[in-house]
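FYI, in the numbering used here the residues of the sequence shown are 2 to 242. No residue lacks a Cβ here, since even glycine has one placed at the ideal position from N, Cα and C. Model, not experiment: these values are computed from the prediction.
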Amino acid sequence: MYFVANWKMFGNLKSINTLDKVIKFSKSKEIKKGRLIYCPPYTLITSFFKKFKNCLIDIGAQNCHESNDYGSYTGFINSRMLKSIGANYVILGHSENRKKGETDKLINQKIKSAIKAKLKVIFCIGETLREKKRGKTKPILSKQIRLGLDKINKKSNIMIAYEPVWSIGTGNIPKPKELEQTVEFIKKKFRGKLPKILYGGSVNPQNISNLKNINNLDGFLIGGASQNSKKFIDIVKKTFN
Ligand code: 13P
């Protein structure tokens with residue numbers, strides 16, 4: 002099971018100290034089959050990398066530019082740069098970036114560049130509340146998968162994170178049955194080797210018991226609760242208990 006911490010635009014150098022608890026936990030037996038990945042803001046990737054050097058916690062970024070080449074793109078960072086400072090993962094297609102104008106086509110280009118740089122991709126998909134209410138969840142997910150993964154043959158380094166937009170930061174989570182059906186629907190889109198599927202959206206220590214037994218779910222992408230080490234550890238512990 003994967004537990005991915007997406008810190009979004011939070012954290013500073015002082016936050017590094019809060020990771021001691023998680024590092025200790027990651028070396029204990031309690032971690033069981035949990036794999037931890039932290040995706041801090043770009044500014045903290047190097048500090049996190051150093052902090053985790055003696056443990057198995059992995060590092061990722063929250064986005065990257067679509068070009069593999071260096072270039073005159075003020076303010077951007079590409080996947081090669083991320084790989085060179087120790088990131089192994091990158092979150093792409095997050096709804097907070099789609100909202101800012103990232104199209105499926107751009108996300109597709111970013112995924113291709115990340116794979117080329119040997120980063121593993123956490124590819125986010127999800128419907129808005131309006132789309133859900135109109136019964137459009139399945140066509141929306143299909144479209145995001147089809148366009149986002151267009152002309153990508155080798156999908157072994159891609160995980161899908163199903164994050165319903167209406168669930169992010171709201172405290173609302175899908176009903177277990179509904180989530181199970183959606184995960185099943187996503188899996189069916191893939192032939193051969195199935196991708197790992199994560200769920201994201203308001204995951205916390207209180208609701209993890211409703212989410213942990215969903216069939217075919219390989220882990221969680223956790224926003225708010227992941228910034229608090231105790232909550233993050235509790236989510237992992239409760240998943241296995
Ligand atoms: P929250 O866990 O804060 O709802 O955020 C989910 C998310 O967007 C993770 O990528």
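> From what residue to what residue does the alpha helix (DSSP H) around residue 109 run?
Replying inline: Here residue 109 corresponds to residue number 108 of the sequence shown, with the count starting at 1. Residues 105-117.
>> Measuring straight from C-alpha to C-alpha, what distance separates residue 254 and residue 184?
In response: Because residue 254 is not part of the residues shown, which for the chain are 2 to 242, the question remains open.
> Taking all protein chains shown into account, do 16 or more other C-beta atoms lie within 10 angstroms of the C-beta of residue 140, making it buried, or fewer, making it exposed?
Replying inline: The residue labelled residue 140 in the question sits at position 139 within the sequence shown. Exposed.
>> Assuming residue 7 is part of the beta strand (DSSP E), what are its boundary residues?
In response: The residue labelled residue 7 in the question sits at position 6 within the sequence shown. Counting along the chain, the beta strand (DSSP E) containing residue 7 begins and ends at 3-7.
> Which residues mark the beginning and the end of the alpha helix (DSSP H) in which residue 82 is found?
Replying inline: Position 81 of the sequence shown holds residue 82. Where residue 82 is concerned, the enclosing alpha helix (DSSP H) stretches over 80-85.
> Taking the alpha carbon of residue 91 as the point to measure from, which residue in 194, 169, 160 has its own alpha carbon closest?
Replying inline: Within the sequence shown, the letter at position 90 stands for residue 91. Residue 91 has its Cα closest to that of 160, out of 194, 169, 160.
> Per DSSP, which one or two residues make a beta bridge with residue 91?
Replying inline: The residue given as residue 91 occupies position 90 in the sequence shown. Looking at the DSSP assignment, residue 91 forms a beta bridge with 62, 122.
>> What I want to know is whether the C-beta of residue 91 ends up closer than 8 angstroms to one or more non-hydrogen atoms of the ligand 13P.
In response: Position 90 of the sequence shown holds residue 91. No, the Cβ of residue 91 stays beyond 8 angstroms of every heavy atom of the ligand 13P.
> Would a C-beta distance cut-off of 9 angstroms place residue 112 and residue 164 closer than the cut-off?
Replying inline: Stepping through the sequence shown from its first residue, residue 112 is reached at position 111. Stepping through the sequence shown from its first residue, residue 164 is reached at position 163. No; because the gap between Cβ atoms is not below 9 angstroms, this pair is not in contact.
> Heavy atom of the ligand 13P less than 8 angstroms from the Cβ of residue 64, yes or no?
Replying inline: Taking the first residue of the sequence shown as position 1, residue 64 is located at position 63. Not so, every heavy atom of the ligand 13P lies at least 8 angstroms from the Cβ.
>> Tell me the residue span of the alpha helix (DSSP H) that contains residue 188.
In response: Along the sequence shown, one-based indexing puts residue 188 at 187. That run of the alpha helix (DSSP H) goes 177-189.
>> I want to know whether the segment 95-103 touches the segment 164-177 - three or more CB-CB distances under 8 angstroms.
In response: yes
>> Checking 9 angstroms against the spacing of the C-beta atoms, do residue 20 and residue 53 come in under that value?
In response: Numbered from 1 along the sequence shown, position 19 holds the residue referred to as residue 20. Numbered from 1 along the sequence shown, position 52 holds the residue referred to as residue 53. Their beta carbons are under 9 angstroms apart, which means residue 20 touches residue 53 by this criterion.
> Mind checking residue 214: buried by the 16 CB within 10 Å criterion, or exposed?
Replying inline: For the purposes of this step, residue 214 is taken as residue 213 along the sequence shown, with counting starting at 1. Label assigned to residue 214: exposed.
> Helix, strand or coil: how does DSSP classify residue 36 here?
Replying inline: Residue mapping note: residue 36 aligns to position 35 of the sequence shown, counting from 1. Strand, per DSSP.
> Are residue 7 and residue 56 closer than 9 angstroms when you measure CB to CB?
Replying inline: As a working note, residue 7 is residue 6 in the sequence shown. As a working note, residue 56 is residue 55 in the sequence shown. No, the Cβ-Cβ distance between residue 7 and residue 56 is not below 9 angstroms.
> Are at least three pairs of beta-carbons, each pair with one atom in the segment 135-149 and one in the segment 192-210, less than 8 angstroms apart?
Replying inline: no
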